[in-house]
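Residues in the sequence shown are numbered consecutively from -8, following the numbering used here. All residues carry an ideal CB built from backbone N, CA and C; glycine is no exception. Below: the structure, in structure tokens.
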Amino acid sequence: MVCVKFTSYFYGYPIVTIKPEPPMNKLFRRIKACLVAFLATALVASYAFGFQTPISNGPVQGSASDTVGQISTLTYQNPSITVDLGVGLWAWPLPMDWNGDGLLDLVVACTDRPSNGIHVFLNTGNIDPSTLLPLFEPSFNLGPAGRSPQISYVKDGWRVTTSGAYYPDFRQSGFDHPYSIGDPEKIHLEDGRVRANQWKYVDFSGNGVLDLVVGIGFWGEYGWDDAWDTNGEWKNGPLRGYTYLLENRGTDEQPDYADPTKITTTDGSPVNVFGMPSPNFADFDGDGDLDLLCGEFLDGFTYFENVGTREHPRYAPGKKLMVAGVPLQMELCMITPTAVDFTGNGIVDLVVGDEDGRVALIEGTGILIEGVPQFLPPRYFKQYAHRVKFGALAAPVSVDWDGDGWEDLIVGNTAGHIGFIKNLGGDPPRWAPPVYLSDGEKVIREQAGYNGSIQGPAEAKWGYTNPSVADWDGDGLLDIVTNGIWGNVLFYKNIGTETHPRLAPAQAVTVEYPGDTPKPAWTWWQPQSNELVTQWRTTPFLIDWNGNGLTDLIMLDQEGYLSLFERRRNQDGTLALMAPKRVFWGEGVSSYDGSGRPQNNVSGLLRMNERRAGGSGRRTFTFFDWDGDGVLDILVNSATNVNVLRGLGQDPTGKWRFSDVGPVHHHPLAAHSTTPTIATWEGKRYLLIGAEDGFFYYLPTPKQE
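Written as structure tokens, this is what we have:
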């Protein structure tokens, strides 16, 4: 008897789980493996024919999506080009030879939505000329990811683990069949939040028996947000990143793990880095024993040399890895290093995942300086292009940026970049790889730094750029206005031409406030010279709202109310931005949180987010006549996808009224937020949604002529 069921899908194809009776177990595993391989081959072949991935088919009844068809992912339609290899938000690389061809492939787990899964990138054996690293095929997905996935290289090959679990059948069933190896809740017993719980196997003392080590990211002293003093100093504690040993007093077949103990250094202090240690034990210095190398929640690496022996390890205090005298750092944060000889030259390398889903190689050189192993700077792996991606929490604007008649994409992301993704024409469009925009001096990257994030110094490398594009200064050229992690609104003036835009360095957007310059109550720093400072991570939407030929600004004010900042031309010809007016009204529901969840059932001024501090802001939106009734609606991020606030027109008091009629689709695209824009391709209009995973999803707008 054989039980067959569909457990998941990759790119529209069902993944089949076959559950046989025990005597036939190996046979049916082989059958399943053949099915997966066949589907993967079909998927790879489909790229050449411009295959677009459906998320789900048909309209969703009883909501704003009644007239809308399926959501599709935006693909390059350009399979010969190469782009950065990437999954969704947060990459956990598990390098292994997946298909047995002798080449290391990249299996990358992604733990966030909507791209949660085990993504397999097969090594083509071709070399990318720009990085001199292997090129990879686009990935196929084997199923959902687990918590804190890790890989351990042991005497019999490799083992994949998550928090408290081992997966002996990983290649066939992914994370479907865990084997318990312990209780994650019993490792670090101090009160407070444990965010990383990274379990790995290692023969710690060289006795031939595999022990367990666990990396713990502890946030108990850090808290979460709103802990700045008036000088911009963090009042809470740091993140902690400890490594625990669970010694195996039994055998590999019948393990008996001792209680967890913190691994310490020779000065008696515990191994401790800035959160999420991702511990890697390997012979980094070539002396025959196992050293320890840790990552952290931010971007750096710490090396703990084994100054004892293979059988009796003792670890020196940690030293930061350096390159040419400066710290070795990843471009982004939430890094997940895995130590492996990726290049096959006998020297340990690091394969490192980033917050935005990309994966880099940090190649070992075999050189020691003052006892510390030396590595080359990170190089990001490349793949043949399939799905269009730009970082994480992609925030797109569809606009003809270069004046060639086709709408391109200007996009922000969590890293603080602004990207240009050129439309190469066609129906559906072909796309060029993203390029970072610069301001004439440097690549634009708005970042928090030490004290720019409400949520503390752990977010130093985030930017959360949210752009809007229009002719802001009235010179006939498209400019860019952004809001991001600081909550200040910046203007990048176009000093180029219509077909060759160039941006000047950012200027602060200022407002003609009648009194003191307002700011959110939790912002520790003071705005300067009427500088517009409002809630972070929100859209500064540019539109001529009052029809006077000048570009106005609509966005959340410092208390989360949707507000109109009207533009005025002074007698001397200069432009001024007037103080905000709360002229938008919610009918039935008027107050929300940052994910668009209603907080009341009362009509009133439209407060897009009533929460404070780290929970504030986070609302992204565009205006469009979704239902074709001649009145502009608001398309705004929601906990599910994108909601429609249906425009009801202007009432006698001058308020523009809106009613929330629900999501355009019920497929979840984010745990934090999406960003909507309206795109027109070959005369057809689409709602294009930048998702948390950095990919883009689109569906046709209703009631098209």
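{"Check": "Cut-off 7 Å between Cβ atoms - residues of its own chain near Ala31, not counting five sequence neighbours on either side", "Outcome": "Low confidence applies here, because Ala31 scores a pLDDT of 39, under 50, leaving its location unreliable; read the following figure in that light. Same-chain partners within the cutoff: Phe131."}
{"Check": "Reference Gly727, options Lys510, Thr613, Asp466 and Arg602, closest by Cα", "Outcome": "Because residue 727 is not part of the residues shown, which for the chain are -8 to 696, the question remains open."}
{"Check": "Length at least 3, wholly inside the region 228 to 281: the beta strand (DSSP E) runs in chain order", "Outcome": "231 to 237 and 271 to 273"}
{"Check": "Cβ neighbour criterion (16 or more within 10 Å) applied to Lys146", "Outcome": "exposed"}
{"Check": "Simplified DSSP state of Ala423, which is helix, strand or coil", "Outcome": "coil"}
{"Check": "6 Å Cβ shell around Trp672 - same chain, five flanking residues per side excluded", "Outcome": "Pro420"}
{"Check": "Residue from Asp276, Arg305, Arg637 and Thr66 with nearest C-alpha to Gly259", "Outcome": "Arg305"}
{"Check": "Own chain, CB closer than 6 Å to Trp617, minus 5 neighbours either side, in chain order", "Outcome": "Asp624 and Val635"}
{"Check": "Simplified DSSP state of Phe161, which is helix, strand or coil", "Outcome": "helix"}
{"Check": "Under 8 Å between C-beta atoms of Ser607 and Gly585", "Outcome": "yes"}
{"Check": "Among Ala451, Ile338, Thr252 and Phe166, the one whose alpha carbon lies nearest that of Ile207", "Outcome": "Thr252"}
{"Check": "As assigned by DSSP and simplified to three states, the class of Gly606", "Outcome": "helix"}
{"Check": "Glu503 - partner residues in DSSP beta bridges", "Outcome": "Met569"}
{"Check": "DSSP bridge partner residues for Trp225 (one or two, in chain order)", "Outcome": "Trp219"}
{"Check": "Same chain, Cβ closer than 7 Å to Gln590, five either side skipped, listed in chain order", "Outcome": "Ser582, Tyr583, Asp584 and Glu601"}
{"Check": "Bounding residues of the beta strand (DSSP E) (the contiguous stretch that carries His110)", "Outcome": "Gly108 to Phe112"}
{"Check": "C-alpha gap between Thr64 and Gly681, whole angstroms", "Outcome": "10 Å"}
{"Check": "For Ala307 and Thr529, the rounded distance between their alpha carbons", "Outcome": "46 Å"}
{"Check": "Boundaries (first-last residue) of the beta strand (DSSP E) holding Phe686", "Outcome": "Counting along the chain, Phe686 falls outside any beta strand (DSSP E), and DSSP gives it neither H nor E."}
{"Check": "Close-in-space but distant-in-sequence residues of the same chain around Glu683 (CB under 8 Å, 5 per side omitted)", "Outcome": "Gly79, Leu80, Asp103, Arg104, Pro105, Ala383, Leu384, Leu660, Ala661, Ala662, His663, Ser664 and Thr665"}
{"Check": "Reduced DSSP category for Pro720 - H, G, I as helix; E, B as strand; rest coil", "Outcome": "Within the shown structure, residues of the chain are numbered from -8 to 696, placing residue 720 beyond reach of any answer."}
{"Check": "Own chain, CB closer than 8 Å to Asp399, minus 5 neighbours either side, in chain order", "Outcome": "Ser389, Val390, Asp391, Trp392, Asp393, Phe411, Ile412, Lys413 and Asn414"}
{"Check": "Local Cβ density within 10 Å of Glu503, reported as buried at 16 or more and exposed below that", "Outcome": "exposed"}
{"Check": "Per-residue burial, Asp507 [other beta carbons within 10 Å of its own, 16 or more giving buried]", "Outcome": "exposed"}
{"Check": "Which residues DSSP lists as bridging Tyr552, in chain order", "Outcome": "Arg598"}
{"Check": "Where His450 sits in the DSSP three-state scheme", "Outcome": "Reading the sequence as shown, one finds Glu at residue 450 and not His. In this structure, Glu450 counts as helix in the three-state DSSP scheme."}
{"Check": "Continuous beta strand (DSSP E) assignments of at least 3 residues falling wholly in the region 345 to 426", "Outcome": "350 to 353, 355 to 360, 363 to 366, 373 to 375, 386 to 390, 399 to 403, 409 to 412 and 414 to 416"}
{"Check": "Pair within 8 Å by beta-carbon distance, Asp347 and Gly685", "Outcome": "yes"}
{"Check": "Chain-order list of residues whose beta-carbon lies under 7 Å from that of Val593 (same chain, five-residue window excluded)", "Outcome": "Ser581"}
{"Check": "Met321 in three-state terms, based on DSSP", "Outcome": "coil"}
{"Check": "Supposed close pair Thr152, Arg138 - CB separation, criterion 8 Å", "Outcome": "Their Cβ separation, rounded to whole angstroms, is 10 Å, which puts Thr152 and Arg138 out of contact at 8 Å."}
{"Check": "Local Cβ density within 10 Å of His377, reported as buried at 16 or more and exposed below that", "Outcome": "buried"}
{"Check": "Sheet register partners of Glu522 (DSSP bridge)", "Outcome": "Thr501"}
{"Check": "Where Gly53 sits in the DSSP three-state scheme", "Outcome": "Bear in mind that the predicted position of Gly53 carries a pLDDT of just 36, short of 50, making it unreliable; the figure below should be weighed with that in mind. DSSP places Gly53 in coil when its eight states are reduced to three."}
{"Check": "Simplified DSSP state of Trp527, which is helix, strand or coil", "Outcome": "coil"}
{"Check": "Residues near Pro125 in its chain [Cβ-Cβ closer than 6 Å; skip 5 each side]", "Outcome": "Asn114"}
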